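Structure first, then comments.
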Amino acid sequence: MNPALALAPAWWRQADPAELRIDVSHRPGELVDELDDLYRRMRQPGHRLHGLAPVPVDFPGLVFRHREADGEHYVYAEDAMLGRLAGYTVFNRLVELGRRADRHLRAPHSKYAPAYQRRGIAGAVYRWWLAGGRCLISGARQSPGAHALWQALGRTHALAYAELRDKRLAYLPPEEAPWRRDDFSTRMILLGAGWSLERLRSSADLRLP
Numbered sequence: 110m111n112p113a114l115a116l117a118p119a120w121w122r123q124a125d126p127a128e129l130r131i132d133v134s135h136r137p138g139e140l141v142d143e144l145d146d147l148y149r150r151m152r153q154p155g156h157r158l159h160g161l162a163p164v165p166v167d168f169p170g171l172v173f174r175h176r177e178a179d180g181e182h183y184v185y186a187e188d189a190m191l192g193r194l195a196g197y198t199v200f201n202r203l204v205e206l207g208r209r210a211d212r213h214l215r216a217p218h219s220k221y222a223p224a225y226q227r228r229g230i231a232g233a234v235y236r237w238w239l240a241g242g243r244c245l246i247s248g249a250r251q252s253p254g255a256h257a258l259w260q261a262l263g264r265t266h267a268l269a270y271a272e273l274r275d276k277r278l279a280y281l282p283p284e285e286a287p288w289r290r291d292d293f294s295t296r297m298i299l300l301g302a303g304w305s306l307e308r309l310r311s312s313a314d315l316r317l318p
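Heads up, the sequence shown is in my numbering, so the first residue is 110 and it goes up one at a time.
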């Protein structure tokens, strides 16, 4: 079978959240304090977070600002009307990846204030990232909400699974899904615009069957 066609089957996309590798949750009060502190710095002239360029994330009512530091990308969602930071998404580098894969794959992690959660903001940021021709890889742990978001994005973007071991990625065919899904080495990959598994093979050393 052509690996480009053998992406995640529908039944795997409906994994029970109770079976997922659960990420650490954040206390709402601590999260709000962190976002308030970030927003104060964003409004402070001379600070590196001040005057960040906006990016065209498609989500009404919020302004999205971007910065890059050491190869990691931060997207801040600002509620300018209410004068506060709704939250942010960071696209992290993974130390587990090899040099070639590190050029093309980032692992997203989002923090949004309780009032802005479950409104699709993180999904809008991920879609902006993918539309720009960039790819995503999941980390070792995901919250049920993050996992559900990836499955939703997998309905409109190519979603594949791979084993990450010794800094190398190896494609996982659908028939291996039942007994590999919960391994820490199993990662999801969302392919951005213009990407295919074959391109990941040639550019990021993804091993294909």
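No residue lacks a Cβ here, since even glycine has one placed at the ideal position from N, Cα and C.
Since we're looking at a predicted model, the values are computed, not measured.
Residue 234: member of the alpha helix (DSSP H) spanning 230-240, first to last residue.
In this structure, DSSP gives residue 143 a helical state, which the three-state scheme calls helix. Closest in alpha carbon position to residue 243, among 275, 193, 216, 179, is 216.
For residue 188, the enclosing beta strand (DSSP E) stretches over residues 181-188. Look at residue 294 here: in three-state DSSP terms it is coil, with no helix or strand label. Exposure of residue 204 is indicated by the presence of fewer than 16 other C-beta atoms within 10 angstroms of its C-beta. In the DSSP assignment, residue 217 falls within the beta strand (DSSP E) that extends over 214-221. Inter-segment contact for the segment 233-247 and the segment 257-271 is present: three or more beta-carbon pairs are separated by less than 8 Å.
Counting along the chain, residue 313 sits inside the alpha helix (DSSP H) bounded by residues 306-313. Counting every other CB atom within 10 Å of its CB across the protein chains shown gives residue 192 a total below 16, marking it as exposed. Closest in C-alpha terms to residue 296, from the list 223, 230, 214, comes 214.
Taking C-beta atoms under 8 Å as the contact rule, residue 316 and residue 278 qualify, at a distance of about 7 Å.
Rounded to whole angstroms, residue 307 and residue 176 show a C-alpha spacing of 30 Å. Its chain contains 151, 174, 175, 176, 185 as the residues whose beta carbon lies nearer than 8 Å to that of residue 161, once the 5 sequence neighbours on both sides are disregarded; these appear in chain order. In terms of Cβ geometry, residue 194 and residue 258 do not form a close pair [threshold 7 Å]. When C-alpha distances from residue 271 are compared across 282, 262, 261, the shortest belongs to 282. The bridge partners DSSP lists for residue 175 are 162, 184. Looking at the DSSP output, residue 303 sits in no beta bridge, so it has no partner there.
Put simply, of 275, 255, 178, 311 the residue whose alpha carbon is nearest the alpha carbon of residue 157 is 178. In the DSSP annotation of this structure, the continuous segment of the alpha helix (DSSP H) that includes residue 255 starts and ends at 253-262.
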